[in-house]
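Taking it in order: structure first as structure tokens, then the write-up.
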Amino acid sequence: MTGYKPHAIEEKWRKYWREHGIHKAALEDESRDPCYCLVMYSYPSGSKLHIGHWFNFGPTDTWARFRRMQGYNIFEPMGFDSFGLPAENYAIKMKGHPRAHTEANIAYMRVQLSTIGAMYDWDHEIETHKPDYYRWTQWLFLELHRNGYAYRRNAPVNWCTDCRTVLANEQVIDGECERCESEVIQRDLTQWFFRTTAFAEELLEGLEGIDWPEKTVAMQRNWIGRSEGARIDFRVADGAAAGETLCVFTTRPDTLFGATYMVLAPEHPLVESVVSEERREAVRAYVAEAAKATEIDRASTVREKTGVFSGAHAINPANGERLPIWIADYVLASYGTGAGMAVPAHDERDFEFATKFELPIRRVILGVSADPDEPITEAYVESGPMCRAGELDGLRGDDAKRAVIKLLEADGQGEGTINYRLRDWLISRQRYWGAPIPIVHCPSCGELPVPDDELPVLLPDDVEFMPTGESPLKRHPTWKQVACPSCGGAAERDCDTMDTFVDSSWYFLRYPTPKKSDGPFDSDIVNRWEPVHQYVGGAEHAVMHLLYARFITKVLHKLGHIGFDEPFSRLVHQGTITNGGAKMSKSRGNVVTPEDYIDRYGSDTLRAYLMFGFAYIEGGDWDDSGIYAMFRYLSRVHRFMTEQAGAIADAREREDAGGGPWEELRFVLNNSIKGATQDIERFQFNTAISRHMELTNALYAFELETKKGDWGREVHATVEAWVKIIAPIAPHLGEELWRMMRSEGTVFDTPWPQWDESALVRDMLVYPIQVNGKLRDKIEVARGTGRDEVGALAMAHGRVPDWIEGKTVRKVIVIPEKLVNIVVS
RNA sequence: GCGAGAGUGGCGGAAUUGGCAGACGCGCCGGAUUUAGGUUCCGGUGGGGCAACCCGUGGGGGUUCGAGUCCCCCCUCUCGCACCA
209 MTGYKPHAIE EKWRKYWREH GIHKAALEDE SRDPCYCLVM YSYPSGSKLH
259 IGHWFNFGPT DTWARFRRMQ GYNIFEPMGF DSFGLPAENY AIKMKGHPRA
309 HTEANIAYMR VQLSTIGAMY DWDHEIETHK PDYYRWTQWL FLELHRNGYA
359 YRRNAPVNWC TDCRTVLANE QVIDGECERC ESEVIQRDLT QWFFRTTAFA
409 EELLEGLEGI DWPEKTVAMQ RNWIGRSEGA RIDFRVADGA AAGETLCVFT
459 TRPDTLFGAT YMVLAPEHPL VESVVSEERR EAVRAYVAEA AKATEIDRAS
509 TVREKTGVFS GAHAINPANG ERLPIWIADY VLASYGTGAG MAVPAHDERD
559 FEFATKFELP IRRVILGVSA DPDEPITEAY VESGPMCRAG ELDGLRGDDA
609 KRAVIKLLEA DGQGEGTINY RLRDWLISRQ RYWGAPIPIV HCPSCGELPV
659 PDDELPVLLP DDVEFMPTGE SPLKRHPTWK QVACPSCGGA AERDCDTMDT
709 FVDSSWYFLR YPTPKKSDGP FDSDIVNRWE PVHQYVGGAE HAVMHLLYAR
759 FITKVLHKLG HIGFDEPFSR LVHQGTITNG GAKMSKSRGN VVTPEDYIDR
809 YGSDTLRAYL MFGFAYIEGG DWDDSGIYAM FRYLSRVHRF MTEQAGAIAD
859 AREREDAGGG PWEELRFVLN NSIKGATQDI ERFQFNTAIS RHMELTNALY
909 AFELETKKGD WGREVHATVE AWVKIIAPIA PHLGEELWRM MRSEGTVFDT
959 PWPQWDESAL VRDMLVYPIQ VNGKLRDKIE VARGTGRDEV GALAMAHGRV
1009 PDWIEGKTVR KVIVIPEKLV NIVVS
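Note that the first sequence covers residues 209 to 1033 in my numbering.
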């Protein structure tokens, strides 16, 4: 029989917390150190919160409660990323309106969230689809626009054929849409961009000072893709484009003398003008073919290289040689200048291409052999001394690169430069459910920002939002019609909406003052509370969301709105909870919801089980076979208090009898406090709970071995610490146990227990005795016994003499407080 | 193909700097109490062997008195990048 009735307990304490404002944020309170603990907000599309969300939110709240008990002033908000494609797609499928679905979902999710027992202060809630939020998303857009960080241009962009909208580079995974996995094609469109490239270097440098998972930092670094090299200008020698400059980027300017041809990406703007009459047809056919190929095909490294000769030539600025210009799609339009100089001898791709099309291969870096005329079978890509470079012969590595750059710079034909893989962030979407871009297009005045006092530009509800490829707002009969803010004439609103990642790139700034009506955030408060001290969320956001949030933070810092330039000081990714080996998703039908488990065992059991059954950073496959064990454990904890509450209360003002059981209990207590403290700090909740279990086991053993009349202050204090350790893990139960010990207040306003290091030092030490590295016996020795003496005692102890008999003792290794190893031969 | 990480009992997972491998729990086995409920308590539980002992952290080498931990080679899995000039 268990007396643990979680539902009554949980309801009671949630009510208590609510009525006493226990979780109200106190942002103005400067008496405690601030700790902004933020978990990535969730996405109210079609599906409710599942076990994976619980795994994200529950443990993070445990961490925050632990910090609170350590004396920090905690700010732990929650909200909803309520704009975006999934909600819109879901509404289309269900033939409803995104607003209706979204708001119904939020209402449901709020109820779900309340059962976690987290410290969310709902007065700070954010819903990004509400005008009082997106008004400031629009402000953000205009602030970037005012300062040249938001601009519109025609460019080849990624187009998802299913979502029928453009996508940012980051949203294209292996040539497929990040959301719906449909094919992504290239289209030329006029679109809005945020100038992320202006912060490429800062985004890279900022990675140095933040405590983020190595892997995430590496991914960001790769995404930004900094390469040092040179910009080199080649002049077109013949044809219609004669005299035009063909600009390339290379990381190997030292191989310039080995260039034997040039390559343009099929999308390169010079393709049309450079091509000769007789080659025009072939080139056009090739360009058309390349445009048809999917990103996946084009990106494939195993695919044989293709290309066509353009009929034109360019001049190598280093030696005046005429180089044929080829069009080939192994050069990417989106990287560097979309054109390259080809050095087959020293570049694998050029080597492959030159071999196939029988283009000359000229060695200009001595590597495999000292004779530059000796043919090679593969490109030599390492560095080495230059040859066939006139007076630069013999230079190598960085010296060689610098020398070539110097030569080019002297003639104004190039310069040393740094190229980034990072592209500007494409933020406009031809979809309905997002924040309208606050721009007016006037036939006479051009592109004008909506004046601040006219914000927000409201998103109308009565829109036919089936995706057609055209912005749904365009089809609204009246919405787009507006007077030009400058001349007053008839003008049109911009009909695109912003990428949802814009909403989430600044939400952490809004949380402290979500109702502020005269600005997006309060700079003073934000400067005191941010960067966010602890951010927790899935690793799938390693590039997109985290990069965008960092970018916006850097812009706002540069523009003087905030005093910090990184949004999240410390980041942890929770692992993924899979089901049947696959990620949980509605379409797979493998979503595990928390409701049934909560009904059966209570919220504390589910939360504690999630923390105990999985390594937090690793995640794992869902298996509920152990959840009953956690219920049993919490029952066991509860039962101890039920049975011993009287004895513990009596012990409070009394001296302990002391003795062996006390010593043992003291050791376990301090070991548990130390372990749990260090483990929770590092998000290692499974081992923290183990430490608590050890303490529980020790308490039960102690109870068996001692008389209650002997219990005094130390026992009372031990039980108190035991309650405090479980409290952040099972918060409702923690509060209940606390109330069973005391009569007032919340356990979460009491200090976290301290451990006494000296209690972990035992008087008697057990030394394992090894002979030739194999464990043979153990010996108990008083602490402080000298090395030699320990060795001597070990040699004579128990069965050890049998093991060394008849052998020569070569060495006796005594590692103080660790072990003894006797080496014999 | 390149890069990073991982591989430990039947299972989830532990093991600061090289120092008793398997903490804690599940499951299983045995016992006690209660006996009709996923009860509680106590004990056992890496493998082999009657035993003394032997073997054990993906496989193979190496360094070391001593290796799950460090070094080299190989296998498998996961993740990221994938013509980035």
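Every residue gets a Cβ at the ideal spot worked out from N, C-alpha and C, and that includes glycine.
- Excluding sequence positions up to five before and after VAL979, its CB lies within less than 6 Å of the CB of TRP1011, ILE1030, all in the same chain and listed in chain order.
- Selection ALA750, GLU997, THR459 evaluated against TRP431 yields ALA750 as nearest (Cα-Cα).
- The beta carbon of MET427 sits closer than 7 Å to the beta carbons of ALA750, VAL751 from its chain, once the five residues preceding and following it are set aside; these are given in chain order.
- In this chain, PRO664 is not harboured by any beta strand (DSSP E), its DSSP state being neither H nor E.
- By DSSP's assignment, LYS982 forms a beta bridge with VAL979.
- By the Cβ rule, the region 901–910 does not count as touching the region 986–999, because fewer than three pairs are nearer than 8 Å.
- TRP420 and LYS614 have their C-alpha atoms roughly 39 Å apart.
- The C-beta distance from ASP704 to TRP400 rounds to 7 Å, short enough to fall under 8 Å.
- Of the candidates ILE645, GLY466, ASP555, ASP702, GLY466 places its Cα closest to the Cα of VAL612.
- Rounded to the nearest whole angstrom, the CA to CA distance from PRO659 to ALA691 is 12 Å.
- Taken through DSSP and simplified to helix, strand or coil, HIS521 comes out as strand.
- In the DSSP annotation of this structure, the continuous segment of the beta strand (DSSP E) that includes ASP396 starts and ends at 392–402.
- ILE334 sits in coil when the DSSP states are folded into three classes, being neither helix nor strand.
- Counting along the chain, SER435 sits inside no alpha helix (DSSP H); it lies in the beta strand (DSSP E) bounded by residues 434–444.
- Counting along the chain, the unbroken beta strand (DSSP E) around GLY622 starts and ends at 622–628.
- According to the DSSP assignment, HIS846 belongs to the alpha helix (DSSP H) that extends over 835–859.
- Across the set LEU1001, LEU941, THR459, the C-alpha of LEU1001 shows the shortest separation from the C-alpha of PRO976.
- If you draw a straight line from the Cα of ASP579 to the Cα of GLU586, it comes to about 15 Å.
- Straight-line spacing of the CA atoms in ASN366 and ALA376 works out to 7 Å.
- For GLY433 and TYR805, the gap between their C-alpha atoms comes out near 46 Å.
- Beta-bridge annotation (DSSP): ALA536 is paired with GLY515.
- Residue range 1017–1023 is occupied by the beta strand (DSSP E) that includes ILE1021.
- Of LYS882, TRP641, SER591, MET949, the smallest CA-CA separation from ALA859 is found for MET949.
- Counting along the chain, LEU375 sits inside the beta strand (DSSP E) bounded by residues 373–375.
- A straight-line Cα-Cα distance of about 32 Å links VAL799 and ILE282.
- Between PRO644 and LEU667, the C-beta spacing is below 8 Å.
- Runs of the alpha helix (DSSP H) lying entirely within the region 852–906, each at least 4 residues long, are 868–889 in chain order.
- Relative to PRO306, the option among SER253, CYS245, GLY866 whose CA is nearest is SER253.
- Taking ASN264 as the centre and dropping the five residues before and after it, the same chain places the C-beta of VAL247, MET248, VAL744, GLY745, GLY746, GLN782 closer than 8 Å to its C-beta, in chain order.
- The DSSP-derived three-state label of ALA363 is strand.
- Per the C-alpha coordinates, the member of ASP558, ASP537, PRO593, LEU472 positioned closest to ALA520 is LEU472.
- Taking the C-beta atoms as reference points, ARG387 is found no nearer than 8 Å to LEU257.
- Across the set ASN355, THR398, LYS423, the C-alpha of THR398 shows the shortest separation from the C-alpha of VAL374.
- In this structure, the alpha-carbon of LEU764 lies about 8 Å from that of ASP773.
- Here DSSP, grouped into helix, strand and coil, assigns ARG1007 to coil.
- The continuous alpha helix (DSSP H) containing LEU348 extends over residues 339–354.
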